[in-house]
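Visitor:
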Amino acid sequence: MPKTVSNTPSVYSFLRIADDASIPDNARVTMDGNSPKVVSHITFQSTNQRAMQTFLRSIAYEFGQGVADIATRELRNAITTSSPLTAGNVRNVKSLLERNIHKQLSLDCFLHGINTATGRFDSGSGFPAEFERHCATLEQALGAPIPAPLKGELCNEVLRDFFSCYQKLEIRDCTPEKMASDLVERTVLKKLLACASSGLLGLPGSVEDKIAVVRECYGQGRLLEPGLVLHRLPSIRSRFQEGPLSLETIWQGCFGRPMPEGLKPWDGTLEAAFSREIVQALGLQERPDTLGLAESLTGCMAPDKIIGMFDGTLSCLGLTDFLNLPRVSFEPYPSLSGLDAFRKDAAREFVSVPFPAHVGRTSYKIEPSVQVGTNEPVRTGMKVGKSDIGKHVDSIAGQVLAECAGNTQQADAVLHLCSQSVMRQFFGLNGIGMFVGSNGAQCRTFIGGEHCVTRRNIQRLSNGDVQVNIRTPDDDPQILEHVGRFSVTVTVDRNGQCRYTDMELALAAPAPASA
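For the sequence shown, our numbering gives the first residue as 798, with consecutive numbering after it.
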């Protein structure tokens, strides 16, 4: 039965008007006490507003604010001009309600099926519990709770994205692991959690505005990096003090000019224009080569640090130069064991460091390796050969388990770090790595990718943690001058949790413009 309260008329009292074919579309609907009625005479604006607000309030109470928002958009013109609520308006909204109620029923059935199929419907760890767990992470980063109405909107948005990626699957294919992974990887939670881990959600601004910025940037087909926008949120709000933030108000408040017309997310024009605006906002408009890198870095570094890379004043980066410590990722193999992830990558690592063409030197050859404790380094990389690489990996895995004192959970995480996951996070191709655009830019940079030759050193600490240091070679002074150096340390606790505890990215001078 529909919910009603004494001061809120039932939606169905309005919909009965729509069902009466004898009532023309232009007939006006007013309130007679607590009941709607049809009149033919001219009505005052206050009468129109009362009828409209009561109708929308009834929808919100019975069907939720999300459905009421849809009805509000349908009635926007009438609302802004204080026009009367007509029988035709009610009929149009009735059609909308029917479509969206059916959609919600489908989502409810889907959600019930997912939780039942994964055996977690009553255990507190199905979709709702996973969503709440991620919200707790966001609230910690925001420093404040997410208001209940906003959390409800966010849940519906996540559920719609989540639902769309499961439509072609059988329920039996929806495993708990896939549900948990897709909940983050295929919804707006991915960008929100990334902003949380990089410290962006801790910047000044209201909870509602920061979440709105990320949702707007995420929802544009191709992802727009919200870093610079979140930095400039106070100035955006000083310019647009009332109402929710839209992409248009975000654009104008952040960049100081109206959003150009005709930009489309699906053909790249929106993303390209957004990148150009970021470059101009950072004062780098004379540097077209900076487009990709500048946009990418706004998601993890403060604007002054980005400018320092391009004006040459910043020659070395450490963890403190990031907005917050990056979160360690095991992509692209988070669902595999650490050993299997290592097996996939052990033979993919290069065995030489290429110098830029203008240096006039051949590449600097060096063997990648993994050294565990006081054991001798074990070679990895392309030159080991298929027949031997498996033996080398098994040898390293045995040494790692011993270094972890038999703790299989900790050893699994350490072996993940022997794959190329860390190098991928910083230098992965196809827009994955945070410094991926640096090779094409005339700025101080590190010339390397996820397959760059590295040496790994694994040491157990006195408290039971294990440190994994991953570093590129610096044996030759010309490597540091023309290529740069990358060294990062990850600490793995006894529960297998990882965190970056040290990093140094030495940036080489840019190649001459003519090179």
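Think of the CB as a built atom: it goes at the ideal place given N, C-alpha and C, for glycine as much as any other residue. Note that this is a predicted model, so its numbers are computed, not measured.
Can you say whether residue 1189 is buried or exposed, counting buried as having 16 or more other CB atoms within 10 angstroms of its CB?
Guide: So residue 1189 ends up on the buried side.
Visitor: In angstroms with no decimal places, state the Cα-to-Cα distance between residue 864 and residue 1258.
Guide: Rounded to whole angstroms, residue 864 to residue 1258 spans 56 Å at the Cα level.
Visitor: Would you please state the rounded distance, in angstroms, between the beta carbons of residue 1215 and residue 1253? I believe it to be under 8 Å.
Guide: That pair is a contact at about 6 Å.
Visitor: What number of angstroms, rounded off, separates the C-alpha of residue 1213 from the C-alpha of residue 849?
Guide: Roughly 58 Å separates the two Cα atoms.
Visitor: Thinking residue 1197 and residue 1169 are a contact (beta carbons under 8 Å), I'd like their distance in whole angstroms, please.
Guide: Residue 1197 to residue 1169, Cβ: 6 Å. Contact.
Visitor: To the nearest angstrom, how far is the alpha carbon of residue 1051 from that of residue 1065?
Guide: In a straight line, the C-alpha of residue 1051 is about 20 Å away from that of residue 1065.
Visitor: Measure how close the beta-carbons of residue 985 and residue 1004 come, nearest whole angstrom, since I'm counting them as under 8 Å.
Guide: Between residue 1004 and residue 985 the Cβ distance is about 15 Å, and since that is not below 8 Å, they are no contact.
Visitor: Quick check on the DSSP output: the beta strand (DSSP E) that includes residue 784 runs from which residue to which?
Guide: In the structure displayed, the chain extends from 798 to 1312; residue 784 sits before or after that span and is not available.
Visitor: For residue 1177, which option in 876, 1207, 1142, 1206 has the closest C-alpha, if you only look at C-alpha atoms?
Guide: For residue 1177, the nearest C-alpha among the options comes from 1142.
Visitor: Just grab the DSSP bridge partners of residue 1296 for me.
Guide: Its beta-bridge partners are 1288.
Visitor: Pop quiz: residue 998 and residue 1094 are said to be a contact at Cβ under 8 Å. What is the actual Cβ separation, rounded to whole angstroms?
Guide: Actually they do not touch by this definition, with Cβ atoms about 17 Å apart.
Visitor: On a Cα-Cα basis, can you pick out the residue from 1283, 1036, 1277 that is closest to residue 1232?
Guide: Residue 1232 has its Cα closest to that of 1283, out of 1283, 1036, 1277.
Visitor: What's the gap between the Cα of residue 1166 and the Cα of residue 1007?
Guide: Computed Cα separation, rounded: 43 Å.
Visitor: Could you give the residue range of the beta strand (DSSP E) that holds residue 1114?
Guide: Per DSSP, residue 1114 belongs to the beta strand (DSSP E) from 1113 to 1115.
Visitor: To the nearest whole angstrom, what separates the beta carbons of residue 788 and residue 1304, a pair I think is in contact under 8 Å?
Guide: Outside the shown range of the chain, which is 798 to 1312, sits residue 788, and nothing can be said about it.
Visitor: Could you check if residue 1055 is buried or exposed, using at least 16 other CB atoms within 10 Å of its CB as the buried criterion?
Guide: Exposed, by the Cβ-count rule.
Visitor: Report buried or exposed for residue 1033, applying the criterion of at least 16 other Cβ atoms within 10 angstroms of its Cβ.
Guide: Under this definition residue 1033 is a buried residue.
Visitor: Is residue 870 closer than 9 Å to residue 951 when the C-beta atoms are compared?
Guide: Not a contact, by the Cβ cut-off of 9 Å.
Visitor: So residue 1211 is in the alpha helix (DSSP H); what residue range does that whole segment cover?
Guide: Where residue 1211 is concerned, the enclosing alpha helix (DSSP H) stretches over 1205 to 1215.
Visitor: Which one of 814, 830, 832, 831 has the shortest CA to CA distance from residue 824?
Guide: Measuring from the Cα of residue 824, the nearest candidate turns out to be 814.
Visitor: So residue 1250 is in the alpha helix (DSSP H); what residue range does that whole segment cover?
Guide: Where residue 1250 is concerned, there is no enclosing alpha helix (DSSP H), given that its DSSP letter is neither H nor E.
Visitor: Where residue 925 and residue 1270 are concerned, what is the direct C-alpha to C-alpha distance, given to the nearest angstrom?
Guide: Cα to Cα, residue 925 sits roughly 47 Å from residue 1270.
Visitor: Does the Cβ-Cβ distance between residue 1109 and residue 1306 come in under 9 Å?
Guide: Yes, the Cβ-Cβ distance between residue 1109 and residue 1306 is below 9 Å.
Visitor: What are the boundary residues of the alpha helix (DSSP H) that residue 1031 is part of?
Guide: Segment 1030 to 1036, the alpha helix (DSSP H) holding residue 1031.
Visitor: Considering just the uninterrupted stretch of the alpha helix (DSSP H) at residue 1010, what are its terminal residues?
Guide: 1004 to 1015 is the extent of the alpha helix (DSSP H) around residue 1010.
Visitor: Quick check for students: name the residue ranges of the alpha helix (DSSP H) that lie wholly in the region 1250 to 1276, counting only runs of 4 or more.
Guide: DSSP runs (the alpha helix (DSSP H)) wholly in the region 1250 to 1276: none.
Visitor: Per DSSP, residue 1166 forms a beta bridge with which residues?
Guide: DSSP output for residue 1166 lists 1176, 1252 as bridge partner(s).
Visitor: For residue 1247, I'd like the list of residues in its chain whose CB is within less than 6 Å of its CB, leaving aside the five on either flank, ordered along the chain.
Guide: Same-chain partners within the cutoff: 1217, 1220, 1221, 1224, 1225.
Visitor: Leaving out five residues on either side along the sequence, give the residues of the same chain with a beta carbon under 6 Å from the beta carbon of residue 1163.
Guide: Answer for residue 1163: 1250, 1270, listed in chain order.
Visitor: Have a look at 1276, 1117, 1172, 1098 and flag the residue whose alpha-carbon is nearest the alpha-carbon of residue 1149.
Guide: Comparing Cα-Cα distances from residue 1149 to each of 1276, 1117, 1172, 1098, the minimum goes to 1276.
Visitor: To the nearest angstrom, how far is it from the Cα of residue 803 to the Cα of residue 1080?
Guide: Residue confidence is low: residue 803 scores 42 on pLDDT, short of 50, so the model does not pin down where it sits. No coordinate-derived value is stated.
Visitor: Based on the DSSP output, what are the partners of residue 1161 in its beta bridges?
Guide: According to DSSP, which records beta bridges pairwise, residue 1161 is partnered with 1150.
Visitor: Rounded to a whole number of angstroms, what is the C-alpha to C-alpha distance between residue 816 and residue 888?
Guide: Roughly 8 Å between the two C-alpha positions.
Visitor: Please report the Cβ distance between residue 1045 and residue 980, rounded to the nearest whole angstrom; I am assuming they are in contact, meaning their Cβ atoms lie under 8 Å.
Guide: With 8 Å as the limit, residue 1045 and residue 980 do not qualify as a contact, their Cβ atoms being about 30 Å apart.
Visitor: For residue 942, which residues in the same chain have their Cβ closer than 7 Å to its Cβ, ignoring the five residues on either side in sequence?
Guide: Excluding sequence neighbours, residue 942 sits near 936.
Visitor: Specify the secondary structure class of residue 832 as computed by DSSP and reduced to three states.
Guide: In the structure shown, residue 832 sits in a strand (DSSP, three-state: E or B).
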